[in-house]
DNA sequence: GTCAACGAAATTGTATACAAGGATTTGTCT
DNA sequence: AGACAAATCCTTGTATACAATTTCGTTGAC
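Chains as they are written, first to last, in the working numbering: chain F, 52 to 273; chain W, 52 to 273.
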């Protein structure tokens with residue numbers, strides 16, 4: 052779980068994509084990136100391959116790398132898998148959470164409450180992450196946590212944009228409430244179901260998602 | 052899903068590990084690998100990074116790569132996640148399988164039957180893979196299929212060794228039978244449960260797994 | 001005899017040079 | 001004028017050279 056700090060190049064390029072500086076479909080020229088970051092092509096190539104492994108970019112042999120195009124279909128699929136993974140985490144957490152785990156979950160839940168009350172979306176966004184990670188940890192399943200965190204990281208930018216939609220923070224918090232109650236009651240099925248409902252993309256959330264898919268490229272000069 | 056064929060170096064090194072030629076904990080020296088495969092260090096490094104991304108090896112900054120040590124705890128966790136992923140596939144397959152999907156699943160199931168009847172473990176191993184992939188495909192969830200295939204690939208060597216244990220092929224086939232019936236009956240819950248039971252490590256299967264963890268390194272000269 | 005410190009060798013990380021394969025542009029022919 | 005073909009340029013893939021860090025061995029002192 053160390054995610055070696057040394058590899059800041061990986062994160063820098065990732066940021067370029069996550070912030071929308073590089074839009075889906077854009078080519079990632081090795082020499083441009085190399086000159087931009089003041090290094091040679093070698094470390095750039097290594098960073099690109101790592102990013103390709105996570106699915107953020109696509110490597111076409113002899114034809115360079117492009118930012119992965121994520122269509123609505125695939126995006127919904129990713130959220131669907133995410134919902135299942137987090138539901139399993141919640142189920143296990145309901146069964147295996149220690150008092151210390153429960154305390155941590157509760158603390159982050161209260162922090163979410165504060166952020167929601169203050170309508171501080173950025174704070175809520177941050178505490179929301181912590182809340183979900185606390186539940187991951189309470190599941191006491193290292194491998195599952197790693198997979199979940201990896202996918203959560205992959206979906207990060209879309210989640211952030213989703214929270215911007217009207218009333219989403221309030222709804223999100225209410226859903227958290229249901230999850231917390233189920234976990235504290237050690238009701239595994241209820242916890243899983245509440246978490247799945249919290250993550251899954253359905254109804255009006257789908258249109259929010261579509262908007263978030265268009266937003267980054269609309270924000271760019273074309 | 053192309054898994055570019057050009058990258059045979061990746062597969063070659065992977066084979067070295069999967070066949071037990073390189074045991075968990077062994078260091079992967081870049082120059083040794085380079086001379087062994089008759090290439091320079093550059094492509095070796097790239098292959099190593101890809102392998103690190105899949106979790107097969109571990110990259111310690113400035114200290115080289117080692118074959119990932121997979122303890123019993125982590126192994127059980129991986130099978131646990133695998134069971135959940137495959138269960139979701141089965142659930143979706145029960146709901147969304149087309150007649151063509153059902154035919155494919157049936158065909159591979161019958162091929163498994165033939166292999167089991169002939170006590171041909173290698174043939175069963177192969178057809179078992181095909182059977183599971185057919186169910187993946189029937190789920191019609193591309194992203195889920197990718198994740199499932201990736202993890203299945205990661206667990207491949209352990210599965211193979213598991214099948215070697217006595218009576219496992221017969222049991223495996225009976226479990227397949229239950230999965231197929233549930234899918235054909237479009238009973239999503241039953242399909243998920245049957246699949247989960249098929250994959251999950253429990254009871255005597257756990258001891259088989261422990262044996263499979265020791266087998267590769269015992270086979271080596273130490 | 002053991003431990004520590006210094007040094008040398010080996011190994012990883014980075015840069016640069018070279019080779020090979022696409023993509024683009026230009027020129028010619030219809 | 002449009003389309004096809006060929007040649008050039010640009011980009012990726014690979015090799016090699018160099019720098020930096022770690023590790024192992026040796027030597028010395030306690």
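The C-beta atom is built at its ideal place from N, Cα and C for all residues, glycine as well.
Since we're looking at a predicted model, the values are computed, not measured.
Residue i classed as buried or exposed, judged by whether at least 16 other C-beta atoms fall within 10 angstroms
i                      : result
residue 70 of chain F  : exposed
residue 90 of chain W  : exposed
residue 127 of chain W : buried
residue 240 of chain F : exposed
residue 9 of chain F   : It is not possible to answer for residue 9 of chain F, since the shown part of chain F is limited to 52 through 273.
residue 271 of chain W : Residue confidence for residue 271 of chain W is low, a pLDDT of 49 falling below 50, so the modelled location carries little weight and cannot support an answer.
residue 154 of chain W : exposed
residue 217 of chain F : exposed
residue 185 of chain F : buried
residue 273 of chain W : Any reading at residue 273 of chain W must be qualified, since the residue scores a pLDDT of 38, below 50, and its modelled position is unreliable; no value is offered.
residue 210 of chain W : buried
residue 55 of chain W  : Since pLDDT at residue 55 of chain W reaches only 41, below the 50 mark, its modelled position is unreliable, and no value is offered.
residue 110 of chain W : buried
residue 53 of chain W  : Model confidence at residue 53 of chain W stands at a pLDDT of 41, short of 50, so the residue's coordinates are unreliable and nothing is read from them.
residue 223 of chain W : buried
residue 83 of chain F  : exposed
Expected contact under 8 Å - CB spacing of residue i and residue j to nearest Å
i                      : j                      : result
residue 178 of chain F : residue 162 of chain F : 4 Å
residue 200 of chain F : residue 187 of chain F : 7 Å
residue 279 of chain W : residue 148 of chain W : In the structure as shown, chain W starts at 52 and stops at 273, and residue 279 of chain W therefore has no counterpart that could be examined.
residue 250 of chain F : residue 133 of chain F : 6 Å
residue 145 of chain W : residue 242 of chain W : 4 Å
residue 157 of chain W : residue 231 of chain W : 7 Å
residue 129 of chain W : residue 206 of chain W : 6 Å
residue 136 of chain F : residue 67 of chain F  : Not quite, the Cβ-Cβ distance comes to about 27 Å (not below 8 Å), so this is no contact.
residue 104 of chain W : residue 236 of chain F : Not really, about 39 Å apart at Cβ, beyond 8 Å.
Option in the options with minimal Cα separation from residue i
i                      : options                       : result
residue 121 of chain F : F:114, F:108 and F:115        : F:108
residue 182 of chain W : W:159, W:64 and W:219         : W:159
residue 102 of chain W : W:88, W:61 and W:218          : W:61
residue 88 of chain W  : W:64, W:111 and W:100         : W:64
residue 256 of chain F : F:184, F:176, F:197 and F:131 : F:131
residue 258 of chain W : W:227, W:225 and W:214        : W:214
residue 261 of chain F : F:83, F:105, F:58 and F:124   : F:124
residue 59 of chain F  : F:99, F:113 and F:112         : F:99
residue 208 of chain W : W:196, W:176 and W:197        : W:176
residue 106 of chain W : F:227, F:225 and F:197        : F:197
residue 164 of chain W : W:81, W:226 and W:151         : W:226
For the stretch 81-99 of chain F and the stretch 167-175 of chain F, state whether three or more C-beta atom pairs, one from each stretch, are separated by less than 8 Å. No: fewer than three Cβ pairs fall under 8 Å.
Proximal residues, the stretch 190-205 of chain F versus chain W, C-beta separation under 7 Å: Taking 7 Å as the upper bound on Cβ-Cβ separation, chain W lies near residues 192, 193, 194, 195 and 198 of the stretch 190-205 of chain F.
At least three beta-carbon pairs within less than 8 Å, the stretch 243-256 of chain W to the stretch 139-159 of chain W: In this structure the stretch 243-256 of chain W touches the stretch 139-159 of chain W; the number of beta carbon pairs closer than 8 Å is three or more.
At a CB distance below 9 Å, what residues from the stretch 87-106 of chain F approach chain W? Give them in sequence order. Listed by position along the chain: 93, 96, 97, 100, 101, 103, 104, 105 and 106.
The stretch 103-119 of chain W in contact with the stretch 72-86 of chain W per 3-pair CB rule at 8 Å: Because the criterion of three Cβ pairs below 8 Å is met, the stretch 103-119 of chain W and the stretch 72-86 of chain W touch.
Short-range partners of chain F found in the stretch 132-166 of chain W, where Cβ spacing is below 7 Å: Here the close residues are 132, 135 and 139.
Near-chain W residues of the stretch 170-192 of chain F (beta-carbon distance less than 8 Å), N- to C-terminal order: Against chain W - using a Cβ distance shorter than 8 Å - the residues of the stretch 170-192 of chain F are 192.
What residues in the stretch 233-255 of chain W have a beta carbon less than 7 Å from any beta carbon of chain F? From the stretch 233-255 of chain W, no residue has a Cβ closer than 7 Å to chain F.
What residues from the stretch 108-125 of chain W come within 7 Å of chain F, judged by C-beta to C-beta, listed N to C? Taking 7 Å as the Cβ-Cβ cut-off against chain F, the residues of the stretch 108-125 of chain W that qualify are 112 and 125.
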